[in-house]
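Asker:
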Amino acid sequence: MVNYDVTVFTANLLNATTLNNVHIKLVGTEGESNRKWLVGLKGASSFVIGTTSSFTVSCSASLGKLVLIELDKKHLPLFPEDSWFPAKVEVKSPEGDTYTFPIYRWINDSEVHRFREGTAQRVINDNHHLGRYARQEELKQRAKDYRWHVYAEGIPHCIKTEGPLSLPPEVQFSFTKKTEFAYTAATGLAELKLKGLADRKVKWTDMNDLNRVFWCKRTSISDYVHEHWKEDAFFGYQFLNGVNPMMIQRCTTLPKIFPVTDDMVFPSGQGSLTDEMKKGNIFLCDYKLLDGLKANTINGKKQYLMAPLVLLHKRPDDTLMPIAIQLKQTPADDNPIFLPTDSEYDWLIAKIFVRSAEFNEHQLNVHLLRTHLLAEVFAVSLLRNIPMVHPLYKLLIPHTRYTLQINFLARLTLISPTGVFTQFTSSGGEAMTTILKRSMSSLTYRSLCIPEDIADRGLEDVPNFYYRDDGLKLWDIIHRFVQGVLSYYYKKDTEVQDDPELQKWISDIFEHGFLSQAATGIPERFTTVAELVKFVTMVIFTGSAQHSAVNSGQYDYGGWMPNTPTSLQLPPPTTKGKTSKETMLQTFPDVNVTVQGMSVLWLLSKQSSDFVPLGQYPEDHFSEDTPCKLIKAFQEELKVLSAAIKARNESLELPYTYMDPAEVENSVAI
1 MVNYDVTVFT
11 ANLLNATTLN
21 NVHIKLVGTE
31 GESNRKWLVG
41 LKGASSFVIG
51 TTSSFTVSCS
61 ASLGKLVLIE
71 LDKKHLPLFP
81 EDSWFPAKVE
91 VKSPEGDTYT
101 FPIYRWINDS
111 EVHRFREGTA
121 QRVINDNHHL
131 GRYARQEELK
141 QRAKDYRWHV
151 YAEGIPHCIK
161 TEGPLSLPPE
171 VQFSFTKKTE
181 FAYTAATGLA
191 ELKLKGLADR
201 KVKWTDMNDL
211 NRVFWCKRTS
221 ISDYVHEHWK
231 EDAFFGYQFL
241 NGVNPMMIQR
251 CTTLPKIFPV
261 TDDMVFPSGQ
271 GSLTDEMKKG
281 NIFLCDYKLL
291 DGLKANTING
301 KKQYLMAPLV
311 LLHKRPDDTL
321 MPIAIQLKQT
331 PADDNPIFLP
341 TDSEYDWLIA
351 KIFVRSAEFN
361 EHQLNVHLLR
371 THLLAEVFAV
381 SLLRNIPMVH
391 PLYKLLIPHT
401 RYTLQINFLA
411 RLTLISPTGV
421 FTQFTSSGGE
431 AMTTILKRSM
441 SSLTYRSLCI
451 PEDIADRGLE
461 DVPNFYYRDD
471 GLKLWDIIHR
481 FVQGVLSYYY
491 KKDTEVQDDP
501 ELQKWISDIF
511 EHGFLSQAAT
521 GIPERFTTVA
531 ELVKFVTMVI
541 FTGSAQHSAV
551 NSGQYDYGGW
561 MPNTPTSLQL
571 PPPTTKGKTS
581 KETMLQTFPD
591 VNVTVQGMSV
601 LWLLSKQSSD
611 FVPLGQYPED
621 HFSEDTPCKL
631 IKAFQEELKV
641 LSAAIKARNE
651 SLELPYTYMD
661 PAEVENSVAI
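Residue numbering for the sequence shown follows UniProt numbering, starting at 1 and increasing by one per position.
(1) Determine the direct distance from the alpha carbon of Asn244 to that of Pro391, and round the result to whole angstroms.
(2) Spatial neighbours of Glu32 within its chain, please: C-beta separation below 7 Å, excluding the five flanking residues on both sides.
(3) If Val202 sits next to Val595, beta carbons under 8 Å apart, how far is it from one beta carbon to the other, in whole angstroms?
(4) Use the C-beta contact count for Thr527: other C-beta atoms within 10 angstroms, 16 or more gives buried, fewer gives exposed.
(5) Is the beta carbon of Pro169 closer than 8 Å to that of Asn108?
(6) Should Ile221 and Asp556 be called a contact, given that it needs their Cβ atoms to be closer than 8 Å?
(7) Since Tyr393 and Leu382 should fall inside the 8 Å C-beta cutoff, what is the C-beta to C-beta distance between them, to a whole number of angstroms?
(8) Under the DSSP definition of a beta bridge, which residues are partnered with Ile159?
(9) Going by Cα to Cα distance, which pick from Ser580, Leu568, Phe622, Ser544 is closest to Phe611?
(10) Which residues in the same chain as Leu194 place their Cβ atom closer than 6 Å to its Cβ, once the five residues preceding and following it in sequence are excluded?
(11) Considering only the beta carbon of each residue, do Thr17 and Ile49 sit closer than 8 Å?
(12) Which residues in the same chain as Arg116 place their Cβ atom closer than 8 Å to its Cβ, once the five residues preceding and following it in sequence are excluded?
(13) Could you check the C-alpha separation between Thr7 and Thr52 for me, to the nearest Å?
(14) Which same chain residues, not among the five before or five after Leu395, have their C-beta less than 6 Å away from its C-beta?
(15) Check for me: the beta strand (DSSP E) holding Lys72 runs from which residue to which?
(16) Starting from Ala87, trace the beta strand (DSSP E) in both directions and tell me its first and last residue.
(17) Below 8 Å between beta carbons: does that hold for Ala307 and Lys288?
(18) Does the region 119-126 come within contact of the region 78-90, defined as at least 3 CB pairs closer than 8 Å?
(19) Just how far apart, CA to CA, sit Ile645 and Thr444?
(20) For a test of the three-state rule: what should DSSP assign to Phe465, helix, strand or coil?
(21) By the three-class DSSP mapping on this structure, what secondary structure does Met598 have?
(22) From Asp660 to Ser548, what does the alpha carbon distance come to, in whole angstroms?
(23) Suppose the cutoff is 7 Å on Cβ atoms and the five residues either side in sequence are ignored; what does the same chain contact list for Lys160 look like?
(24) Residues in the same chain with beta-carbon distance under 6 Å from Arg411, minus the five sequence neighbours each way, listed in chain order, please.
(25) Is it buried or exposed, Arg370, if we count other Cβ atoms within 10 angstroms and call 16 or more buried?
(26) Run through DSSP, which three-state label would Leu194 get?
(27) Alpha carbon to alpha carbon, how far is Thr403 from Leu604?
(28) Counting Cβ pairs, one atom from each stretch, are 3 or more of them under 8 Å apart for the region 627-640 and the region 471-489?
(29) Hey, how far is the Cα of His113 from the Cα of Leu71?
(30) Determine the burial state of residue 685: buried for a count of at least 16 other Cβ atoms within 10 Å of its Cβ, exposed for fewer.
(31) Would you please verify whether the beta carbon of Ile506 is less than 8 Å from any beta carbon of chain B?
(32) Return yes when the Cβ of Asn563 is within less than 8 Å of the Cβ of Trp347, no when it is not.
(33) With distance defined between alpha-carbon atoms, name the residue in Glu81, Val664, Phe55 nearest to Tyr467.
(34) Would you report the Cα separation of Asn464 and Phe239, rounded to the nearest angstrom?
(35) Relative to the C-alpha of Ile450, which candidate in Asn299, Leu474, Val668 has its C-alpha closest?
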């Protein structure tokens, strides 16, 4: 007889305990054990939350190299069937070898579940017939659990599910996340309801009333915004380091539809647009995706959503200042170009219309489409097509945490017919789908890769551009990590080309995420290791750093409504000289619309207590030394960058924290 020492680790998650009888079978290259009931000295407490329990499995002869284990649990008459979340199983063989079997999933039934030994394997290296069979059976089940669904034509597909509880258990929120999310959602509006504001469908009549609402929930940055929102320098700053750093681009030729003259922007004759463009000092933000949309009707009142053009000038002191704003795309007598030299409220109302356009462009294109919806596509394709033993699964699965459930909730509570965005933003209704479709048609692979995106927009040397500075460093750190891991498993380009699971992953992404549009530049298949490394870098960056950059500051910059109105309910002025403070107040969204917007931005910006920062991997999916060492090196590089960002921020009047690795979540989880 030979003995195998079996150690079972139950995860330290709420409700991870099972009181059912647990059985195991060991399967090796030379045979398999009998099904063994795991009974130990701890008795019924062997598999309680956070427990490590040891057992012995005896066999008549060595099983050879262990390939997989089979686990199942059976409930006794006095104990109902429960759910168990084992983290991993370690087995020490009589030859002295230790095998690790990562699990990290809920077992809710009495079926037999097979788990592979932790060494990552591509299908071509999976030589044991039982290993290949387990691989095939796993993917068959995954194809049933993770099915594609067309939520709306012309936008990325999503997971098909009836609700959060219908999602496979391993991708659902933890109890902690579920409880905190529900509590934040409920209390955010409750505080405002107590003030009798959430149902007030009336206009603001006094800025002091707005101030009192703002004081309900504040951050240090929202306080800064409240103080500086009218200032041109801060207006310009937000295009670089606010929640949407994706609009601004260097302007080398003025658009014909934006007939700005030197006399308008350099009235004293101390410069010219041509000269300043040659020097690289002129920048453009063009909201053309919003042109011609039918704006929402809220509280029975027509709303207004413009498609502005904004011209900015980098001054010798490196401040970025707005110098001209046109609120509609087509030049006309009733579409004036607003200038800083106009009256206070003419110029301020023009900036307010830009900031409202910015809110809608940011939420639907930059935030929802380019992070949430794409992250879901990457996750569903991974879960459908890549088995747990594959190196890509091990690398990417931590970067899918909570994404499927948070996106289902977004579709249900934000963009559904009864959703908050549908009801309380100017782009709600049919405009929302149009914006998403237009955004999808303009989406490119290059724009998802920050080094290329920054170069394409001509922003390589813009000063005080912390999104770029931190983002490029993060991209490089992620790229080195991904390159190290994938190059360990793929030594040659042909190994990438010959991996059918990998090719099915990218094929599904191309079809269901980018709707088979070759013009996007998204690869239909991988032909080189370098291509694979770049794409996986983009996937991790999109779901972590990019999402943090466009999500985490939403309340910081939008909590003070005048800086980022969700909607506006008077048309823009067609002539100058008629706008006043009263006009501005009447243009702002109604009281109930304001507080609904504040509440949802607070929810979307709230970090969960079970937040996992970028590069931290509580689950040990890799077992080989090389990837484990690469993970430690990755974590150390992130730690160094985090310290550098914190040191820089100490000298900034307005710190930029959204790409500090310590503040970046591993996945789209909020």
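All residues carry an ideal CB built from backbone N, CA and C; glycine is no exception. Please read all numbers here as calculations on a predicted model, not as lab measurements.
Answerer: With the structure as the only source:
(1) 34 Å
(2) Lys25, Leu26, Leu63, listed in sequence order.
(3) Between Val595 and Val202 the Cβ distance is about 12 Å, and since that is not below 8 Å, they are no contact.
(4) exposed
(5) Yes, they are a contact pair.
(6) The answer is yes: Cβ separation under 8 Å.
(7) 7 Å
(8) Trp148
(9) Ser544
(10) Confidence is the limiting factor: at Leu194 the pLDDT is only 44, short of 50, which leaves the residue's position unreliable, though a coordinate-based value still follows. A distance below 6 Å between beta-carbons, with the five flanking residues on each side excluded, links Leu194 to no residue of its chain.
(11) yes
(12) Val67, Leu68, Phe101, Gly131, Ala134, Arg135, Pro387, Met388, Val389
(13) 7 Å
(14) Val485
(15) In the sequence as presented, Lys is not what sits at residue 72; that position holds Asp. Taken as a continuous stretch (DSSP letters only), the beta strand (DSSP E) holding Asp72 covers 66-74.
(16) 86-92
(17) yes
(18) no
(19) Those two C-alpha atoms are separated by around 29 Å.
(20) Residue state, collapsed to three classes: coil.
(21) helix
(22) 9 Å
(23) Closer than 7 Å at Cβ, skipping near neighbours: Arg147, Trp148, His149.
(24) none
(25) buried
(26) Residue confidence is low: Leu194 scores 44 on pLDDT, short of 50, so the model does not pin down where it sits. No coordinate-derived value is stated.
(27) Rounded to the nearest angstrom, the two C-alpha atoms are 13 Å apart.
(28) yes
(29) 5 Å
(30) The structure shown does not extend to residue 685, since the chain spans only 1 to 670, so no value can be given for it.
(31) Absent from the structure is chain B; it holds one protein chain and no more.
(32) no
(33) Val664
(34) Those two C-alpha atoms are separated by around 11 Å.
(35) Leu474
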